[in-house]
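Residue numbers (the numbering used here), protein chains in the order written: chain F, 42 to 244; chain S, 386 to 611.
Here is the structure we will look at, set down as structure tokens.
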Amino acid sequence: MVADTDGVGVRFVEELDENSLKTILKIEPEGVSTSTLSSLRRNLAYLNNNGVSKDRIKRFVDDVDQLASTNKDVDGLDELIERSAEANNPGSFVGPATEAEYAAKNLDTITAVRDDIDTPSAGRPGDIDAVETIDSEVVGSEIKNSAQSVTRGDLGQISAGYRELLDNGEIDRYQFVFRELTDSEIRDYLEQNDIPYTVLNER
Amino acid sequence: MFRIELSFTSTPDRGWLTRVLFSAVAHGIRFNSGGFEGSYRVIPTEPSDEIVVTESGELERTDMLVDAVEAYMSFDQESAELAMMTTYTDENSNIPCSIQLTPHTFGYVLSFGTNQKEMESIGDLTSFVGLPKAIFERFDFVYGASQVDEQQHIPTTIGDAQGDHPRAITFYSSELVNKIGRKELLSSPAAVVSELSNEGIFMLASAELPPNGEQVQSIREHLNIV
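Next up, the structure:
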């Protein structure tokens, strides 16, 4: 990691505590190639040098480690890691990082992340970020780190797609999950339209 | 979501928006077509006043884009959002395309977006990107760029655009080109850099999406962006 990333890797290693460094070096989720894991390690150093805090990276690494070391098979974890390894800016990293955080917090119920679906005729979503089985109900979640990249139009369009999935019996419930939600316009829109949502940092 | 955002500053009027959508249709946009429902929603400040119209069934209804323009014009453009779900068609595919017009600080953003997996399914990403490229060349925009995953929306001022570029895909207006330097942009180590008919510049950082960080970094270094 240090050799491949020049000074960026050295700084990254110096910033992390011993436990986090060990975790980064030991994670070996099933179905993920060693070259992808090498890319992930290099990319985490790059992201740390380009606006992603070391605490956020530590959180991500711990979450992935937890998901990889559970006995349970979480479909899509390999793809989530590949996307994280390719993320070339903070905005592309926080999506999969938040999905990993949500999945790790719901280990008992999570069955898949980034679940590929046939795109509903409403046009969105293209996949379900997290699928859980809760009391024999299938729950699909659309996960966002925050509302900074989201418009109210996005919420309406995605919600229409999830309602179609409900009607088709592909899921029994759906929700939006935000890691943080400070935008009052977005909150008002969700509430006025009866769109179910939860905020991780308010739990 | 993968989308291309184009920013501008003057309040969108009926004639402008109609011409933009007419150009979009000329470059492959259809309404209620290719297996995807057409829908439009106009969302004013007060969400309970939202207008939602959805068209399903066999008949293509591209003519309904005119209704969307009329519905949007009945609200205050400085605060209302327009979000349309359309279908982008080319020789090989039909993919859902969300066209949105949203007010932002100091201006507005017009965007063309689709799901990541549909973007990947096209294979040739320049096909879909040709749509916003044509719109950017034809109309007067400040800046344009891709917004992938949870990247922030693009800025609407030249000054802020100078601190935002380059992204995976970037459209430089002639004014922005003059600020940054035409020669410098055209000699960037990107997969594609080309001049546009409106004296702007189009830049595709790498042939695949997402481009790796090192490639974007090398362009940044070339352009002396700290």
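All C-beta atoms in this analysis are idealised placements derived from N, C-alpha and C, irrespective of residue type, glycine included.
These figures come from a predicted structure and were not determined experimentally.
### Query
Which ranges does the alpha helix (DSSP H) cover as unbroken runs of at least 4 residues, wholly within the region 479-530 of chain S, from first to last along the chain?
501-507, 510-523
### Message
Just to make sure I have the definition right: I need the residues of chain F whose C-beta is within less than 9 Å of the C-beta of Asp-448(S). Which are they?
### Response
Within the second sequence, numbered from 1, the residue matching residue 448(S) stands at position 63. Per Cβ cutoff of 9 Å: no residues; Asp-448(S) is ~19 Å from chain F at best.
### Query
Applying the criterion that 16 or more other CB atoms from any shown protein chain within 10 Å of the CB defines a buried residue, is Thr-499(S) buried or exposed?
Here residue 499(S) refers to the residue found at position 114 when the second sequence is read from its first residue. It counts as buried.
### Task
Quick one: which residues of the region 194-211 of chain F get their C-beta closer than 8 Å to a C-beta of chain S? List them in chain order.
Gly-194, Asp-195, Gly-197, Gln-198, Ala-201
### Spatial distance of Val-494(S) from Ser-558(S) (CA atoms)
On the second sequence, position 109 is the one that residue 494(S) refers to. On the second sequence, position 173 is the one that residue 558(S) refers to. Approximately 14 Å, taken between the alpha carbons.
### chain S within 7 Å of Gly-181(F), Cβ atoms only
Here residue 181(F) is taken as the residue at index 140 of the first sequence, counted from 1. Gly-181(F) does not count as touching chain S.
### Query
Quick check: the region 391-404 of chain S against the region 143-155 of chain F, are there 3 or more CB pairs under 8 Å?
no
### Task
Flag Gln-216(F) as yes if its beta-carbon sits less than 7 Å from any beta-carbon of chain S, otherwise no.
Translated into positions along the first sequence, residue 216(F) becomes position 175. Cβ-Cβ to chain S under 7 Å: no for Gln-216(F).
### Message
Going by the DSSP bridge assignment, what does Gly-181(F) pair with across the sheet?
### Response
Numbered from its first residue, the first sequence carries residue 181(F) at position 140. Its beta-bridge partners are Val-172(F), Tyr-215(F).
### Message
Against chain F, with Cβ distances strictly below 7 Å, would Ala-468(S) count as a contact?
### Response
The residue you call residue 468(S) lines up with position 83 of the second sequence. Yes, contact with chain F.
### Task
Can you give me the Cβ contacts of Arg-426(S) inside the same chain, cut-off strictly under 7 Å, excluding the 5 residues immediately before and after it?
For the purposes of this step, residue 426(S) is taken as the residue at position 41 of the second sequence. So the qualifying residues of the chain are Glu-435, Ile-436, Val-437, Ala-468.
### Query
Contact check, Gln-537(S) vs Gln-189(F) under 8 Å by CB: the rounded distance?
Walking along the second sequence from the start, residue 537(S) turns up at place 152. Walking along the first sequence from the start, residue 189(F) turns up at place 148. 6 Å between Cβ atoms; contact.
### Task
Could you tell me whether the Cβ of Ala-163(F) comes closer than 7 Å to any Cβ of chain S?
Stepping through the first sequence from its first residue, residue 163(F) is reached at position 122. So, interface residue.
### Message
Checking 7 Å against the spacing of the C-beta atoms, do Ala-153(F) and Val-180(F) come in under that value?
### Response
Residue numbering aside, residue 153(F) sits at position 112 when the first sequence is read from its first letter. Residue numbering aside, residue 180(F) sits at position 139 when the first sequence is read from its first letter. No, the Cβ-Cβ distance between Ala-153(F) and Val-180(F) is not below 7 Å.
### Query
Should Asp-235(F) be labelled buried (16 or more other beta-carbon atoms within 10 Å of its own) or exposed?
Numbered from 1 along the first sequence, position 194 holds the residue referred to as residue 235(F). Exposed is the call here.
### Task
Return yes when the C-beta of Glu-593(S) is under 6 Å from any heavy atom of the ligand GDP, and no when it is not.
No copy of the ligand GDP appears in this structure; indeed no ligand is present at all.
### Message
Just to confirm my understanding: we take Thr-555(S), look at its own chain, exclude 5 residues before and 5 after, and list those with CB closer than 6 Å. What are they?
### Response
Locating residue 555(S) in the second sequence gives position 170, where the first residue counts as 1. Around Thr-555(S): Ala-530, Met-588.
#### Entry: First through last residue of the beta strand (DSSP E) which encompasses Ala-153(F)
Working through the first sequence from its first residue, we reach residue 153(F) at position 112. Note, Ala-153(F): beta strand (DSSP E), 151-157.
### Task
Compare the C-beta of Pro-517(S) with all C-beta atoms of chain F and state if any pair is closer than 7 Å.
In the second sequence, residue 517(S) corresponds to position 132, counting from 1. False, the Cβ-Cβ gap to chain F never drops below 7 Å.
### Leu-510(S) and His-412(S) closer than 7 Å at C-beta
The residue given as residue 510(S) occupies position 125 in the second sequence. The residue given as residue 412(S) occupies position 27 in the second sequence. Going by C-beta atoms, Leu-510(S) is not nearer than 7 Å to His-412(S).
### Message
So, under 8 Å CB-CB, Asp-156(F) and Gly-117(F) are touching, yes? Tell me the CB distance rounded to an integer number of Å.
### Response
For this step, residue 156(F) is matched to residue 115 along the first sequence. For this step, residue 117(F) is matched to residue 76 along the first sequence. Their Cβ separation, rounded to whole angstroms, is 6 Å, which keeps Asp-156(F) and Gly-117(F) in contact under 8 Å.
### Query
In chain order, which continuous runs of the beta strand (DSSP E) of length 3 or greater are located wholly inside the region 416-457 of chain S?
423-428, 436-440
### Task
Inspect the beta-carbon positions of Ile-539(S) and Ser-392(S) and report whether they are closer than 7 Å.
Here residue 539(S) is taken as the residue at index 154 of the second sequence, counted from 1. Here residue 392(S) is taken as the residue at index 7 of the second sequence, counted from 1. A contact, by the Cβ cut-off of 7 Å.
### Message
In the DSSP assignment, the beta strand (DSSP E) including Arg-388(S) goes from what residue to what residue?
### Response
What you label residue 388(S) is simply residue 3 of the second sequence in a count that begins at 1. Where Arg-388(S) is concerned, the enclosing beta strand (DSSP E) stretches over 387-393.
### Message
Considering just the uninterrupted stretch of the alpha helix (DSSP H) at Phe-101(F), what are its terminal residues?
### Response
As a working note, residue 101(F) is residue 60 in the first sequence. Counting along the chain, the alpha helix (DSSP H) containing Phe-101(F) begins and ends at 95-110.
### Query
For Gln-107(F) and chain S, any beta-carbon pair shorter than 7 Å?
Residue numbering aside, residue 107(F) sits at position 66 when the first sequence is read from its first letter. So, not an interface residue.
### Task
Using a Cβ-Cβ cut-off of 7 Å, state whether Val-154(F) counts as contacting chain S.
Within the first sequence, the letter at position 113 stands for residue 154(F). No - not a single Cβ of chain S is within 7 Å of the one on Val-154(F).
### Task
Please compile the residues from chain F whose C-beta is within a distance smaller than 9 Å of the C-beta of His-538(S).
Residue mapping note: residue 538(S) aligns to position 153 of the second sequence, counting from 1. Near His-538(S) (Cβ distances below 9 Å), the residues of chain F are Gln-189, Ser-190, Thr-192.
### Listed by chain order, chain F residues near Asn-500(S) by CB distance under 9 Å
For the purposes of this step, residue 500(S) is taken as the residue at position 115 of the second sequence. Correct list: Thr-160, Gly-164, Arg-165, Pro-166, Gly-167, Asp-168.
### Message
So Ile-428(S) contacts chain F; which residues on that side make the cut at Cβ distance below 8 Å?
### Response
Within the second sequence, numbered from 1, the residue matching residue 428(S) stands at position 43. What Ile-428(S) touches in chain F: Arg-193, Gly-194, Gly-197, Tyr-230.
### Query
Taking Cβ positions, are Glu-445(S) and Ser-418(S) nearer each other than 7 Å?
By one-based count along the second sequence, residue 445(S) stands at place 60. By one-based count along the second sequence, residue 418(S) stands at place 33. In this structure, Ser-418(S) lies closer than 7 Å to Glu-445(S) by Cβ.
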